[in-house]
Amino acid sequence: MIKTLYDKLWDSHVVRADEDGTTVLYIDRHLVHEVTSPQAFDGLRAANRKLWRTSANLAVADHNVPTTDRKGGIADPTSRLQVETLDANAKSYGLTYFNMNDRRQGIVHVIGPEQGATLPGMTVVCGDSHTSTHGAFGCLAHGIGTSEVEHVLATQTLLARKSKSMLVQVDGALPAGVTAKDIVLAVIGKIGTAGGTGYAIEFGGSTIRALSMEGRMTICNMAIEAGARAGMVAVDDTTIDYVKGRPYSPAGPHWDQAVAYWRTLHSDPGAQFDMVVTLNAAEVRPQVTWGTSPEMVTSVDGRVPDPDQEKDAVRRDAMEKALTYMNLKPNTPIEDIRIDKVFIGSCTNSRIEDLRAAAAVVRGKQRASNVRLALVVPGSGLVKEQAEREGLDKIFKDAGFEWREPGCSMCLAMNADRLEPGERCASTSNRNFEGRQGQGGRTHLVSPAMAAAAGIAGHFVDVRALR
Ligand SMILES: CC(C)[C@H](C(=O)O)[C@@H](O)C(=O)O
Ligand code: SF4
Numbered sequence: 243m244i245k246t247l248y249d250k251l252w253d254s255h256v257v258r259a260d261e262d263g264t265t266v267l268y269i270d271r272h273l274v275h276e277v278t279s280p281q282a283f284d285g286l287r288a289a290n291r292k293l294w295r296t297s298a299n300l301a302v303a304d305h306n307v308p309t310t311d312r313k314g315g316i317a318d319p320t321s322r323l324q325v326e327t328l329d330a331n332a333k334s335y336g337l338t339y340f341n342m343n344d345r346r347q348g349i350v351h352v353i354g355p356e357q358g359a360t361l362p363g364m365t366v367v368c369g370d371s372h373t374s375t376h377g378a379f380g381c382l383a384h385g386i387g388t389s390e391v392e393h394v395l396a397t398q399t400l401l402a403r404k405s406k407s408m409l410v411q412v413d414g415a416l417p418a419g420v421t422a423k424d425i426v427l428a429v430i431g432k433i434g435t436a437g438g439t440g441y442a443i444e445f446g447g448s449t450i451r452a453l454s455m456e457g458r459m460t461i462c463n464m465a466i467e468a469g470a471r472a473g474m475v476a477v478d479d480t481t482i483d484y485v486k487g488r489p490y491s492p493a494g495p496h497w498d499q500a501v502a503y504w505r506t507l508h509s510d511p512g513a514q515f516d517m518v519v520t521l522n523a524a525e526v527r528p529q530v531t532w533g534t535s536p537e538m539v540t541s542v543d544g545r546v547p548d549p550d551q552e553k554d555a556v557r558r559d560a561m562e563k564a565l566t567y568m569n570l571k572p573n574t575p576i577e578d579i580r581i582d583k584v585f586i587g588s589c590t591n592s593r594i595e596d597l598r599a600a601a602a603v604v605r606g607k608q609r610a611s612n613v614r615l616a617l618v619v620p621g622s623g624l625v626k627e628q629a630e631r632e633g634l635d636k637i638f639k640d641a642g643f644e645w646r647e648p649g650c651s652m653c654l655a656m657n658a659d660r661l662e663p664g665e666r667c668a669s670t671s672n673r674n675f676e677g678r679q680g681q682g683g684r685t686h687l688v689s690p691a692m693a694a695a696a697g698i699a700g701h702f703v704d705v706r707a708l709r
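Sequential numbering from 243 applies to the sequence shown in our numbering.
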């Protein structure tokens, strides 16, 4: 039978399927962080239930951790309580846990792949919407709610219904200065934040095949911003080379068996999708969001749109509201937008390749005087170490950028890193919602190179012109 990658991943995890489509799916890997797990553990305790398979879980503290010196602990009482609760739960349930001071600690979606805890063919869940990231490995990976976290802890299964399938086919060579982030923002600009609702998206085509695992993770990370709970990419040599030799990857004879299976993890020729979207990579330019939703995006050589030109009344209202919040005037060239802060980090763009791309732009230059703060936050302790071995920390610091400890940081204002009301930020994260980076803060989503370039110029600039 001809199957999509999604069909293969789904079918191989069905424990039981009812006539109405309700399915019990086996879960191979459960990632846990401090925000969505406390009530789940409380529930287990109250029902006196144990973990079904302790070794399937990997826990890490990421959202609430400080990115400055951690010796003094966490100042904010709410953040401290969340992290200490995970410390205690991990201990009492015997979970593998990277605490705040472990050198392997980092953002859950960075450390899973880095450790080989995310492997091709797995079902991967976490109480976090950006779990779609892991689909880059040819996994079925998506976020779950806190009650489902409890269910997975207790049973290692999930009640699920199969989604429809969408293929996003991206072909052609990426122009210089255009990155995976720009592709996924362009896709969201094209299909909208509801475009993928009800679908599992497979990203395919020659452009995706040519991307590194880091780039594929950036794309799958934002599948959820396109409305799809899961994004995925077929397994190929790039996947297998990345996975090889990681701490939790199979080794010895198991490795060869695993690779033989993993090589089957692609959509069969002629497989049918419920919907196909195509994108020509040659036409993608560096993207900048101008509004309060990731679909409110244009290219750096474009202008802030004019609501008067929008015929649809609902869209016009949303545009007007967004422009008021963002304090932007219609028709302003994107390059004229001045920024106050830069954030290079998050599970979208905090891996080594992202930091290299940003460092290449700032090398030998200085942060603009109107840019109050430029944060560089590696996705994990191991990314940080690697970057330091390459001297990237020095490049950033010499340019007046701050080099921090790993965590979610200014992606969302759950820790000490945030925007002040009215501040405008060039950010490599994935959400530009109102107040996302701090109450009244204004977020423009961009690639790492674009964020770095804005930090140097003090306003958005086209990175293609820097070459
Ligand atoms: C805190 C967590 C539940 C949330 C998510 O699910 O994505 C966060 O990571 C985010 O990015 O908004
Ligand atoms: S980095 Fe941002 S998007 Fe990713 S898990 Fe943390 S808060 Fe969520």
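The beta carbon of each residue, even a glycine, is placed where N, CA and C say it ideally should be. Being a predicted model, the structure only gives us computed values, none of them experimental.
Go to residue i, then tell me how far its alpha helix (DSSP H) extends in each direction, as first and last residue.
{"i": "residue 351", "result": "350-357"}
{"i": "residue 659", "result": "Counting along the chain, residue 659 falls outside any alpha helix (DSSP H), and DSSP gives it neither H nor E."}
{"i": "residue 283", "result": "280-289"}
{"i": "residue 625", "result": "623-631"}
{"i": "residue 272", "result": "Premise fails: residue 272 lies in the beta strand (DSSP E), 271-275, not in any alpha helix (DSSP H)."}
{"i": "residue 328", "result": "319-335"}
{"i": "residue 697", "result": "690-699"}
What residue from the options has the CA that sits closest to residue i's CA?
{"i": "residue 706", "options": "632, 617, 529, 657", "result": "529"}
{"i": "residue 579", "options": "295, 697, 554", "result": "697"}
{"i": "residue 672", "options": "548, 301, 654", "result": "654"}
{"i": "residue 582", "options": "590, 525, 617", "result": "617"}
{"i": "residue 592", "options": "469, 652, 340", "result": "652"}
{"i": "residue 468", "options": "429, 451, 449, 501", "result": "429"}
{"i": "residue 621", "options": "348, 568, 264", "result": "348"}
{"i": "residue 424", "options": "408, 460, 375, 455", "result": "460"}
{"i": "residue 523", "options": "453, 492, 486", "result": "453"}
Given this structure, state the Cα-to-Cα distance separating residue i from residue j, to the nearest angstrom.
{"i": "residue 259", "j": "residue 472", "result": "20 Å"}
{"i": "residue 297", "j": "residue 403", "result": "26 Å"}
{"i": "residue 385", "j": "residue 299", "result": "15 Å"}
{"i": "residue 387", "j": "residue 279", "result": "9 Å"}
{"i": "residue 358", "j": "residue 554", "result": "47 Å"}
{"i": "residue 474", "j": "residue 441", "result": "11 Å"}
{"i": "residue 669", "j": "residue 660", "result": "12 Å"}
{"i": "residue 597", "j": "residue 589", "result": "12 Å"}
{"i": "residue 218", "j": "residue 515", "result": "What is shown of the chain runs 243 to 709, which leaves residue 218 out entirely."}
{"i": "residue 261", "j": "residue 270", "result": "24 Å"}
{"i": "residue 541", "j": "residue 272", "result": "37 Å"}
{"i": "residue 290", "j": "residue 334", "result": "13 Å"}
I need the DSSP call for residue i, collapsed to helix, strand or coil.
{"i": "residue 243", "result": "coil"}
{"i": "residue 529", "result": "strand"}
{"i": "residue 453", "result": "coil"}
{"i": "residue 376", "result": "helix"}
{"i": "residue 265", "result": "strand"}
{"i": "residue 486", "result": "coil"}
{"i": "residue 444", "result": "strand"}
{"i": "residue 609", "result": "coil"}
{"i": "residue 470", "result": "coil"}
{"i": "residue 425", "result": "helix"}
{"i": "residue 362", "result": "coil"}
{"i": "residue 616", "result": "strand"}
{"i": "residue 672", "result": "coil"}
So that I know if they touch, is there some Cβ in chain B lying closer than 8 Å to that of residue i?
{"i": "residue 507", "result": "Of the protein chains in this structure there is only one, and it is not chain B."}
Check whether the Cβ atoms of residue i and residue j lie closer than 8 Å to each other.
{"i": "residue 545", "j": "residue 574", "result": "yes"}
{"i": "residue 251", "j": "residue 354", "result": "no"}
{"i": "residue 380", "j": "residue 481", "result": "yes"}
{"i": "residue 303", "j": "residue 341", "result": "yes"}
{"i": "residue 435", "j": "residue 535", "result": "yes"}
{"i": "residue 478", "j": "residue 458", "result": "no"}
{"i": "residue 207", "j": "residue 301", "result": "Outside the displayed range of the chain (243 to 709) lies residue 207, so it cannot be described from this structure."}
{"i": "residue 666", "j": "residue 684", "result": "yes"}
{"i": "residue 694", "j": "residue 600", "result": "yes"}
What are the boundary residues of the beta strand (DSSP E) that includes residue i?
{"i": "residue 598", "result": "Residue 598 -> not in any beta strand (DSSP E); alpha helix (DSSP H) instead, spanning 594-604."}
{"i": "residue 338", "result": "338-340"}
{"i": "residue 406", "result": "406-413"}
{"i": "residue 256", "result": "256-259"}
{"i": "residue 585", "result": "583-586"}
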